[in-house]
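When you line the sequence shown up against the working numbering, it's residues 57 to 401, in that order.
Glycine is no exception: its CB is placed at the ideal position from the N, C-alpha and C atoms.
Every value quoted in this text rests on a predicted model; they were computed, and no experiment measured them.
To start, the structure itself, in structure tokens.
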Amino acid sequence: MTALEQITFNAYHLPQYRNTWKLSHIIETQQFDIPTLFNIFALAKELKKTVNYGNCHYLENIRVVSQFQEASSRTKNSFEMATSFLGALLASSTENALEFSSLVKGESQADNFRMLNQLHPDIIIVRFKNTGDAKLAASVSQIPIINAGDGHGQHPTQAILDVDTIYNELGRLDNLNIGLVGDLRKGRTVRSLAYLMAKFKQNKIFFVSPPSLSVNEDIKDYLNRHHVVYSEHHNLLEVAKDLNVLYMTRIQKERGSEITPNEQVSVSLTEAVKQILPTSAQDCIVMHPLPRGPEISPDFDQDPRAKYWKQVENGLFTRMAELLMISNPEKARYLVDNSKNMVLL
């Protein structure tokens with residue numbers, strides 16, 4: 057039995073793991089426990105098979121609203137493809153909703169979601185411009201909300217696909233050295249990933265950033281409360297050789313992040329991934345939430361440690377899993393329970 061099969065087996069047959077299939081709002085990564093995460097991963101694996109076979113319309117007659125209040129290509133396209141593969145109806149899709157919806161007329165976020173609820177969709181997928189709006193939406197919506205990113209707050213579905221990628225590539229989620237590199241102050245993906253990886257045992261997190269873009273205190277407080285070892289650095293060369301996961305991010309210029317000329321000297325080290333990686337651990341993988349800037353050259357794409365395009369593919373299937381676990385958790389469990397990879401006593 058492989059590690060994933062053992063976890064999948066446990067998810068069904070250990071009593072404390074049994075009620076981990078139904079999802080409602082997806083707002084932040086702190087809401088997920090380990091059994092639920094592994095259920096998502098196992099289901100994503102099965103959905104990938106069904107997509108390849110061309111038969112996975114498990115959400116027919118489910119209506120999905122997609123409202124993106126700021127620009128997105130990867131997340132928006134990923135969710136819309138996930139919706140399509142599952143046979144659900146994308147009943148409404150709004151891009152740049154702050155410009156092309158009643159929000160531009162001054163409608164409040166609360167009223168925006170009260171209005172959407174009255175249209176009786178089954179799922180609402182939203183990219184928010186402002187941090188905290190995802191929690192506000194969930195507080196007034198009876199329809200499940202999926203946070204597709206809220207300002208510089210969180211991006212939970214990105215973190216889930218990131219953790220799925222780490223597990224698929226390295227075969228474990230504990231006892232890892234994880235380097236989170238780049239804009240740690242305004243980047244929501246590193247926030248969500250740090251929260252998730254803190255759930256697993258003996259992980260060490262290395263925060264690497266220019267001084268002005270260092271990680272926020274709330275994340276450090278969370279890690280301290282959960283006894284997670286972490287350290288802060290301004291030079292990637294200090295830690296690269298020890299990493300199992302190198303998670304690069306771009307500078308969030310659209311959120312006002314800037315670096316000084318002096319900081320550019322130190323951050324330029326992170327742009328030389330191809331030179332740094334030979335000094336790193338051989339099982340190190342390089343990840344990026346995309347879009348990328350100069351921090352990773354396209355020349356590195358052919359390196360077997362580059363996993364950022366695999367992240368995109370994995371995200372399709374983890375998002376399909378999330379949609380299915382919201383709208384049809386019985387089918388979600390059935391698919392994994394009846395997998396050929398399941399080993400039953």
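Please report the distance separating the alpha-carbon of residue i from that of residue j.
i           : j           : result
residue 267 : residue 295 : 16 Å
residue 186 : residue 354 : 32 Å
residue 341 : residue 243 : 20 Å
residue 253 : residue 229 : 8 Å
residue 150 : residue 124 : 6 Å
residue 393 : residue 110 : 20 Å
residue 208 : residue 240 : 10 Å
residue 271 : residue 263 : 7 Å
residue 78  : residue 135 : 19 Å
residue 88  : residue 377 : 14 Å
residue 259 : residue 119 : 40 Å
residue 184 : residue 117 : 26 Å
residue 390 : residue 141 : 18 Å
residue 104 : residue 112 : 9 Å
residue 144 : residue 177 : 11 Å
residue 195 : residue 293 : 44 Å
residue 301 : residue 95  : 23 Å
residue 280 : residue 273 : 10 Å
residue 8   : residue 93  : Beyond the ends of the chain as shown, which are 57 and 401, falls residue 8; an answer cannot be given.
residue 356 : residue 287 : 27 Å
residue 86  : residue 358 : 34 Å
residue 351 : residue 225 : 22 Å
residue 284 : residue 269 : 21 Å
residue 278 : residue 255 : 11 Å
Compute the distance between the beta-carbons of residue i and residue j, then report whether it is under 8 Å.
i           : j           : result
residue 246 : residue 303 : yes
residue 257 : residue 231 : yes
residue 379 : residue 179 : yes
residue 374 : residue 216 : yes
residue 84  : residue 210 : yes
residue 384 : residue 115 : yes
My output table needs one value for residue i: the three-state DSSP class, helix, strand or coil.
i           : result
residue 284 : coil
residue 254 : coil
residue 242 : coil
residue 150 : strand
residue 203 : strand
residue 73  : Unreliable placement is indicated for residue 73, whose pLDDT of 41 sits below 50; the coordinate value is still reported in the next sentence. Residue state, collapsed to three classes: helix.
residue 368 : helix
residue 260 : strand
residue 247 : helix
residue 291 : coil
residue 322 : Reliability fails at residue 322, whose pLDDT of 42 lies under 50, so the model's placement of it is uncertain and no value is given.
residue 401 : Caution is warranted here: a pLDDT of 28 is assigned to residue 401, below 50, making its placement in the model unreliable, and the coordinate value is therefore given only provisionally. Looking at residue 401 - three-state DSSP - the assignment turns out to be coil, as it is neither helix nor strand.
residue 268 : helix
residue 362 : strand
residue 95  : helix
residue 384 : coil
residue 123 : strand
residue 231 : coil
residue 129 : coil
Nearest to residue i by CA position, among the options, is which residue?
i           : options               : result
residue 138 : 244, 107 and 85       : 107
residue 235 : 289, 171, 377 and 209 : 289
residue 339 : 195, 364 and 298      : 298
residue 133 : 165, 164, 204 and 227 : 204
residue 148 : 81, 76, 175 and 344   : 175
residue 214 : 173, 251, 352 and 350 : 251
residue 370 : 286, 343 and 350      : 343
residue 169 : 191, 146 and 197      : 197
residue 395 : 92, 98 and 358        : 98
residue 223 : 285, 90 and 172       : 90
residue 363 : 351, 349 and 345      : 345
How many whole angstroms separate the CB atoms of residue i and residue j, which I take to be in contact at a CB cut-off of 8 Å?
i           : j           : result
residue 366 : residue 131 : Not a contact, Cβ separation roughly 16 Å.
residue 212 : residue 248 : 5 Å
residue 347 : residue 306 : 7 Å
residue 206 : residue 218 : About 17 Å; that fails the 8 Å criterion.
residue 181 : residue 129 : Wrong, their Cβ atoms sit about 14 Å apart, outside the cutoff.
residue 202 : residue 82  : 5 Å
residue 265 : residue 238 : 6 Å
residue 382 : residue 80  : 7 Å
residue 192 : residue 166 : 6 Å
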